[in-house]
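Data block below; observations after.
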Amino acid sequence: MHRLHARFAALARPATGFVSQPEPRTIGSYARGRQLTAGNFLFAGFLIEAKDKPIWDLPIPDPRFEEEIHGSAWLDDLAAVADAGARRRAQDWVFDWIARYRWGGGPGWTPDLTGRRLIRWINHAILLLNGRSRKESDAYFRCLGQQTIFLARRWRTAAPGLPRFEALTGLIYAGLALTGMERHVGPAATALARECDREIDAEGGLPTRNPEELLEVFTLLTWAAAALAGAGRSPQPAHLDAIDRIAPTLRALRHADGGLARFHGGGRGLEGRLDQALAAAGGRALTAHGLAMGYARLAAGRTTVIVDAAAPPKGRASANAHASTLAMELTSGRRPVIVSCGSGASFGPDWRRAGRATPSHSTLCIQGFSSSRLGAGGVLPSTARGEFTDTPDQVWAQPEDDSAGHRLMAGHNGYVPTHGLTHIRQLMLSIDGRALAGEDTLGAMTVADRRRFDTIMERTKHQGVPFSLRFHLHPDVDCALDLGGTAVSLALKSGEIWIFRHDGVAELTLEPSVYLESGRLKPRTTQQIVLGATVFDYACQLGWTLAKAQDTPSAIRDTLRDDVTPK
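Be aware that the sequence shown starts at 0, since it is given in numbering that gives the first Met the number 0, and climbs by one per residue.
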């Protein structure tokens, strides 16, 4: 149906020009632009070297690779270079797309890709039309009008969430920029406001709980609002209210180095994208307090700690979700220290599944189990789509501040169905941000939980339930066992030294880990701190501290809450 509507749209009256001179709202990476001009195509984690080949003749290693090139976001990178070679490639590839695909061919005729492509083609119109003939310009505007009409007919078929926001923003953008397309702006603006009400909750969060996806939606909303305001139209109240709700949430999800927390399939976000979007949104620079989209933020001095303090989403929103409940990340100044492994989606299905598992996050995990699980055996249709069907139904978090520092007490019952055990995590960040203390408890809290635990003990012949606390380190952190194997020293490139210690109950080891980033050819190797222990009774508690050298973390350990071990 997409292809059929694309062909019908090609028969409609085309756009004839721009209402006003467009200006680029997006500039990409200069380094990636230089790679493209040199014939190195890196998309979706795959690198193809083809110096003299058009981008449309590349071999396709993965459907996501093909989607990225048809979305035309690479125009941002070529615009960042903007020399003769980059301009020539940008023009050749765009006009080649028009010649090959304007009649509905290729995989690019989906609402979200069309919206993404329209925004880039209009943004970089000066780059694309400079020096081209009148015939080519007419074909360019005719194809822009065709894509606009296609979007007006097909945006409803885009998946709710980011794909639909992309489609509607592209439709608004094109309707305002192109002559003869103004009739599509009103319905698209109304639909965008309706999507804001449906998808953005009262606290400014998305159902997917993906911080990077929230940033992309926020950026699209600010672009659409600026385009409407620039054309003398007022964005609808629901549209503006969504921007006002999202901005404080994004500030709460940002670490001290400016990068976003990497949870539920999201990355750190493009460099400068968040600051640019927040500046475009205007308003007061407020940061959400308490929980923001289910995340708790502790910040003091130059240190930020962000904790996933809510259950993962279920259903369609969980297709990229991670079993990361109570996982934490810590950043000191401009240097990430404790991280999540991240999304492995760009490295294939095995890495994608591994990145979603609890052991790939800095939290407690029972050996062989994740705190949230897919449907058993892959029988359920939702399992084929990678959706969670078993998540914790009780997750709680209580952030507090006092004169000693910033505290968080949180817990979840994700292991109750499998072992009868609840995970409780207590954190305290000192008032100067130089020390973090934690206590993690794994315990059977109710009579029913203890019966379940007793059953597990009988099955294992009372060998206990092995579990571990994992702290994944950023690849730039140099670590080594210290003090006779009782501590780990962490050296940052900034010159800071952090020391990890524990209370001696668990076995301390350093093990290999990976750091997964989209845009790289392969995972980066790194290390993780692992505290291993076994539950033999109804509760087991591990205490640990992470403090800058010359600090005395034991002083803040004494100020933690009372023991939460069940009596």
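Even for Gly, the Cβ is constructed at its ideal location relative to N, Cα and C.
Measuring CA to CA, which of the options is closest to residue i?
i, options, result
"residue 445", "157, 435 and 416", "416"
"residue 386", "434, 316 and 450", "316"
"residue 261", "99, 361, 461 and 346", "361"
"residue 211", "249, 30, 311 and 242", "249"
"residue 162", "390, 66, 144 and 539", "66"
"residue 256", "89, 328, 83 and 81", "328"
"residue 279", "485, 225, 286 and 147", "225"
"residue 133", "308, 467 and 94", "94"
"residue 184", "176, 177, 171 and 178", "171"
"residue 491", "456, 503, 548 and 523", "548"
"residue 389", "539, 311 and 430", "311"
"residue 277", "318, 295, 222 and 325", "222"
"residue 567", "475, 450, 308 and 220", "There is simply no residue 567 to check, as the chain begins at 0 and stops at 566 in what is shown."
"residue 526", "534, 514 and 518", "514"
"residue 338", "324, 349, 332 and 359", "359"
"residue 320", "344, 297 and 303", "344"
"residue 404", "199, 303 and 498", "303"
"residue 398", "364, 469, 289 and 457", "289"
"residue 465", "418, 473 and 511", "418"
"residue 281", "239, 180 and 287", "239"
Between which residues of its own chain and residue i is the CB-CB distance below 6 Å, once the five residues before and five after are set aside?
i, result
"residue 124", "21"
"residue 0", "none"
"residue 508", "529"
"residue 435", "428 and 545"
"residue 412", "391, 393 and 421"
"residue 17", "176"
"residue 372", "389"
"residue 237", "192, 195 and 196"
Can you tell me whether DSSP reads residue i as helix, strand or coil?
i, result
"residue 129", "coil"
"residue 329", "strand"
"residue 146", "helix"
"residue 462", "coil"
"residue 540", "strand"
"residue 473", "coil"
"residue 198", "helix"
"residue 389", "strand"
"residue 80", "helix"
"residue 296", "strand"
"residue 378", "For residue 378, the pLDDT reaches just 37, beneath the cut-off of 50, and the residue's location in the model is therefore unreliable, leaving the point undetermined."
"residue 205", "coil"
"residue 52", "coil"
"residue 171", "helix"
"residue 481", "strand"
"residue 497", "strand"
Tell me residue i's beta-bridge partners as DSSP assigns them.
i, result
"residue 319", "Looking at the DSSP assignment, residue 319 forms no beta bridge with any residue, so it has no partner."
"residue 405", "400 and 428"
"residue 492", "DSSP output for residue 492 lists no bridge partner at all."
"residue 524", "513"
"residue 531", "467 and 506"
"residue 122", "Paired residues: none, contrary to the question."
"residue 134", "Per DSSP, none; premise fails for residue 134."
"residue 438", "425 and 542"
If you draw a straight line from the alpha carbon of residue i to that of residue j, how long is it in whole angstroms?
i, j, result
"residue 195", "residue 482", "54 Å"
"residue 454", "residue 425", "28 Å"
"residue 570", "residue 62", "Outside the displayed range of the chain (0 to 566) lies residue 570, so it cannot be described from this structure."
"residue 423", "residue 438", "8 Å"
"residue 3", "residue 100", "13 Å"
"residue 232", "residue 471", "49 Å"
"residue 92", "residue 28", "18 Å"
"residue 130", "residue 78", "16 Å"
"residue 70", "residue 116", "5 Å"
"residue 305", "residue 441", "21 Å"
"residue 335", "residue 495", "12 Å"
"residue 12", "residue 5", "13 Å"
"residue 301", "residue 432", "6 Å"
"residue 536", "residue 478", "33 Å"
"residue 30", "residue 128", "24 Å"
"residue 292", "residue 15", "44 Å"
Residues in its own chain within less than 7 Å of residue i by CB, not counting five upstream and five downstream?
i, result
"residue 369", "322, 356 and 357"
"residue 378", "Bear in mind that the predicted position of residue 378 carries a pLDDT of just 37, short of 50, making it too unreliable to give a figure here."
Whose C-beta lies closer than 8 Å to the C-beta of residue i among residues of the same chain, with five residues either side of it excluded?
i, result
"residue 51", "38"
"residue 46", "39, 40 and 520"
"residue 235", "188, 189, 191 and 192"
"residue 26", "75, 78 and 79"
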